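Asker:
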Amino acid sequence: MCNFPGSVLVKEPHSTFAFPEAKLEKKLVERFFEQKNKNLGTIISSPTAREVALSTGRIYFSVSSLLADKPFTQSFETAEKLAAEPHAPNSAKYHQATDIYFNIARDILDLSLYLKPEVERLNRDLDKIDSMDLRTRTRLQVFIKRAGHAVNKLRQIFLISVNEAASRYREQMKSSTSLRHQRLMIEKCLSMHRLMMVSVDFCDGVFVSGDPRSIIRAEYSRLLAELEKFFADKDPSIMRLAAQERKFVQNNQLKERYFVCDLVYQLFAEIASLQTKLPDPDPGVPDPDLTVIGQPSGNGTAAGAVTWAQDQLNGGSGKGLNVNNGKKICDDPTAWNDWCLAFVNAAYNRSKEELLAESAIEAYNAIKRGGKILPTGRPPAGAMMFTDASSSYPYGHIFIATGRTNENGEPLVISTGSAASFDGVREMTLAEMINLSSGRYLGYVAP
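In this note's numbering, the protein residues as written are 1 to 447.
1. Closer than 7 Å by C-beta to residue 452: which residues in its own chain qualify, once you throw out the five before and the five after it? Chain order, please.
2. Secondary structure at residue 293, three-state DSSP: helix, strand or coil?
3. State the beta-bridge partners of residue 322 as determined by DSSP.
4. Taking 8 Å as the cut-off, decide whether the C-beta atoms of residue 34 and residue 125 are in contact.
5. Let me know if residue 71 comes out buried or exposed under the rule of 16 or more other beta-carbons within 10 Å of its beta-carbon.
6. Apply the 10 Å Cβ neighbour rule to residue 3 and answer buried if 16 or more other Cβ atoms are within range, or exposed otherwise.
7. Report the residue from 364, 346, 122 and 41 whose alpha carbon sits nearest the alpha carbon of residue 296.
8. Count the C-beta pairs between the stretch 198 to 218 and the stretch 265 to 274 that are closer than 8 Å, then say yes if the count reaches three, no if not.
9. Applying the 10 Å Cβ sphere with the 16-neighbour rule, what's the burial state of residue 376?
10. Would residue 77 be called buried (16 or more neighbouring beta carbons within 10 Å of its own) or exposed?
11. Is residue 299 helix, strand or coil when you go by DSSP?
12. For residue 415, count the other beta carbons within 10 Å of its own beta carbon; 16 or more makes it buried, fewer makes it exposed. Which is it?
13. Looking at residue 403: is its Cβ nearer than 8 Å to the Cβ of residue 285?
14. By alpha-carbon positions, which one of 329, 337, 342 and 97 ends up nearest to residue 323?
15. Shortest alpha-carbon distance to residue 121 belongs to which of 92, 336, 163 and 48?
16. Give a yes or no on whether the C-beta atoms belonging to residue 134 and residue 62 are separated by under 8 Å.
17. Spatial neighbours of residue 406 within its chain, please: C-beta separation below 8 Å, excluding the five flanking residues on both sides.
18. Does the stretch 150 to 161 come into contact with the stretch 170 to 184, if we say contact requires no fewer than three beta-carbon pairs (one atom in each stretch) closer than 8 Å?
19. How long is the line joining the alpha carbons of residue 312 and residue 274, rounded to whole angstroms?
20. Got a sec, what are the start and stop residues for the beta strand (DSSP E) residue 443 sits in?
21. With H, G and I counted as helix, E and B as strand and the rest as coil, what does DSSP make of residue 117?
22. Which residue or residues does DSSP assign as beta-bridge partners of residue 386?
23. Could you check whether residue 17 and residue 66 sit closer than 8 Å to each other, using their CB atoms as the reference points?
24. Measuring alpha carbon to alpha carbon, tell me which of 108, 93, 186 and 289 ends up nearest residue 242.
25. Going by beta carbon distance, what residues of the same chain come within less than 7 Å of residue 194, once the five residues before and after it are set aside?
26. Taking the beta carbon of residue 229 as the centre, do at least 16 other beta carbons fall within 10 Å, making it buried, or is it exposed?
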C-alpha cells in the first residue's frame with residue numbers, strides 16, 4: 001500500500017483486514033437490519049443512502065476484523081508488557097517491542113487509508129439517510145455511531161504506537177555505537193515524530209496526563225537538540241538535517257514535504273469531523289425500542305413511549321391507533337388533533353394510572369396533588385409534560401419528552417397538534433411548544 005513511513009502510494013490501496021466486498025451486502029443486511037435473503041435495495045431505496053450504509057459496513061466490519069484479530073491484539077499486549085520491563089535499549093527485547101509498535105502503526109495506516117473514502121462519504125452524505133423510514137434509519141444510525149467510534153479507536157492505537165516507537169528509536173540511537181545504525185534510527189525516529197507533530201490536534205486519549213500539544217512539541221524539540229549535541233563533532237550532515245527539520249516545523253511544512261504526514265493529517269481530520277456528527281450517547285436517553293415501531297401503541301416503557309411517538313412523526317409508520325376515533329396518522333394527518341392525552345396514553349400502552357383522566361389539565365392536577373410534578377429541570381426521556389389550558393388547548397396540553405436537547409440545551413419534545421395549531425405530530429423545542437400552545441408551562445412528571 002504505502003511505503004510506511006515513506007512517500008510511495010500505489011494506485012489502489014488494500015488492507016489485509018478489509019472486509020471481503022463479496023460478502024459485504026449480505027452481512028450488512030443480516031447484521032444491521034436483521035433481515036435474511038433480502039437485497040439491500042429493497043430495504044433502502046435511495047442510492048446515496050445505500051452507499052452510506054455500505055460505507056458504514058466497510059468501516060464497521062473491517063475495523064472489527066482488525067480489533068478481533070488475535071495476532072494483532074496479542075502483539076500489542078506483548079509490546080506493552082515488554083515496554084514495562086527494564087530492558088536496555090540495545091537489547092533484543094527492547095528492539096522487539098519497538099518493531100511491534102512500528103508494525104501496529106503500519107497495519108493501522110494500511111486499513112485507515114483503505115477506509116478513508118468511506119469516512120469521507122459518511123461526512124459528506126450522512127444527512128441523506130434522514131428520509132429513510134424510522135426503523136431502518138434507527139438501525140443504521142446505531143451502526144454509524146459504532147463505526148465512527150471504532151475508527152476513532154484506531155486513531156488512538158495508531159498514535160500510541162507511533163509515540164512509543166518514536167521514543168524507543170531515540171533511545172536506540174543514543175545507545176548505538178555504529179554511525180550507520182545511528183543514522184537509520186534517526187530516520188525512523190524523525191518519521192515517527194513528524195507524524196506526531198501533524199497529529200497534535202487529534203491526540204485525545206493518547207497521553208495519560210498533560211497537554212498533548214505541549215508534550216509532542218517539547219519531545220520533538222528535545223530530539224532535535226539531542227541530535228545537534230550528540231553529532232556536533234561526528235557528522236555535520238545530521239546537524240544540517242536537524243536545522244532543516246526545525247525550519248520545516250517553524251514554517252508548517254511537514255505536510256507539504258512528507259506524503260505520509262499529509263496522509264495522516266487528512267485521515268485524522270476526516271475522523272475528527274465525523275466525531276462531531278456522532279455525539280456520545282446521552283446517558284439520560286435510552287436506546288430506541290424497535291419493537292414498538294408500526295404498532296398500535298407503545299409497550300409501557302419510557303423507551304417504548306418515545307420510540308412509538310417518534311414513529312408517528314413524518315418518516316415513521318404512522319400506524320399508532322387513536323382508539324377514540326379509530327384513526328391512524330398514516331391514513332389521516334388529523335388523527336391525533338386535540339387528542340393529546342389519548343396520544344400519551346397510547347404511547348404508554350394505557351399503563352399509567354395517573355393519565356386515566358378526562359383531560360390533560362385534570363391529569364396534571366391529580367399528579368400535582370400527589371407531589372410528583374417537577375416544575376423545572378431537564379425532563380428525562382419519556383417524561384410527561386404539561387402546559388395550562390389555553391385557546392389552542394382549552395383542556396390543557398400533555399406531550400412527551402424525548403430526553404434530548406438541541407444545540408442550545410433546549411429540551412426536545414413530541415406533541416400532537418390541534419385544530420388551532422397544526423395537523424399531525426411534531427418534534428420541537430419546549431419553547432416552541434409553549435409558544436404554540438399559548439399556555440403556561442406547568443412542569444413534568446418522570447416516567
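Glycine included, each C-beta is placed from N, C-alpha and C at the ideal position. Note that the structure is predicted; figures quoted are calculated from it, not measured.
Answerer: Short version:
1. Residue 452 lies beyond the range of the chain shown here (1 to 447); nothing can be said about it.
2. Mapped onto the sequence shown, residue 293 falls at position 293. Coil, per DSSP.
3. Stepping through the sequence shown from its first residue, residue 322 is reached at position 322. According to DSSP, which records beta bridges pairwise, residue 322 is partnered with 327.
4. In the sequence shown, the residue the question calls residue 34 occupies position 34. In the sequence shown, the residue the question calls residue 125 occupies position 125. Using a Cβ distance threshold of 8 Å, residue 34 and residue 125 do not count as a contacting pair.
5. Locating residue 71 in the sequence shown gives position 71, where the first residue counts as 1. Burial call: exposed.
6. Counted from its first residue, the sequence shown places residue 3 at position 3. Low local confidence applies: a pLDDT of 45 at residue 3 is under 50, so the model's placement there is unreliable, with the coordinate-based value given in what follows. With fewer than 16 other Cβ atoms within 10 Å, it is exposed.
7. Here residue 296 is taken as the residue at index 296 of the sequence shown, counted from 1. Considering only 364, 346, 122 and 41, the residue with the shortest C-alpha distance to residue 296 is 346.
8. yes
9. Translated into the one-based positions of the sequence shown, residue 376 becomes position 376. Residue 376 is exposed by the Cβ-count criterion.
10. Here the question's residue 77 lines up with position 77 in the sequence shown. The residue in question, residue 77, is exposed, as its Cβ has fewer than 16 Cβ neighbours within 10 Å.
11. Walking along the sequence shown from the start, residue 299 turns up at place 299. It is coil, neither helix nor strand.
12. Locating residue 415 in the sequence shown gives position 415, where the first residue counts as 1. Classification of residue 415: buried, given that the 10 Å Cβ count is 16 or more.
13. Within the sequence shown, residue 403 is the residue found at index 403, counting from 1. Within the sequence shown, residue 285 is the residue found at index 285, counting from 1. The answer is yes: Cβ separation under 8 Å.
14. As a first step, residue 323 is located in the sequence shown; it is residue number 323 there, counting from the start. With distances taken between Cα atoms, residue 323 lies closest to 342.
15. Taking the first residue of the sequence shown as 1, we reach residue 121 at position 121. Considering only alpha carbons, the answer is 48.
16. In the sequence shown, counting from the first residue as 1, residue 134 sits at position 134. In the sequence shown, counting from the first residue as 1, residue 62 sits at position 62. No, they are not a contact pair.
17. Locating residue 406 in the sequence shown gives position 406, counting from the first residue. So the qualifying residues of the chain are 412 and 429.
18. no
19. Counting from 1 along the sequence shown, the entry for residue 312 is found at position 312. Counting from 1 along the sequence shown, the entry for residue 274 is found at position 274. Looking at the two C-alpha atoms, the distance is approximately 29 Å.
20. Counting from one through the sequence shown, the residue named residue 443 turns up at place 443. Residues 441 to 445.
21. Taking the sequence shown and counting its residues from 1, one reaches residue 117 at position 117. Three-state result, residue 117: helix.
22. Residue numbering aside, residue 386 sits at position 386 when the sequence shown is read from its first letter. Bridge partners of residue 386: 398 and 443.
23. What you label residue 66 is simply residue 66 of the sequence shown in a count that begins at 1. What you label residue 17 is simply residue 17 of the sequence shown in a count that begins at 1. Yes, the Cβ-Cβ distance between residue 66 and residue 17 is below 8 Å.
24. For this step, residue 242 is matched to residue 242 along the sequence shown. Ranking the options by Cα distance to residue 242, first place goes to 186.
25. Here residue 194 refers to the residue found at position 194 when the sequence shown is read from its first residue. Answer for residue 194: 254, 258 and 261, listed in chain order.
26. Here residue 229 is taken as the residue at index 229 of the sequence shown, counted from 1. Under this definition residue 229 is an exposed residue.
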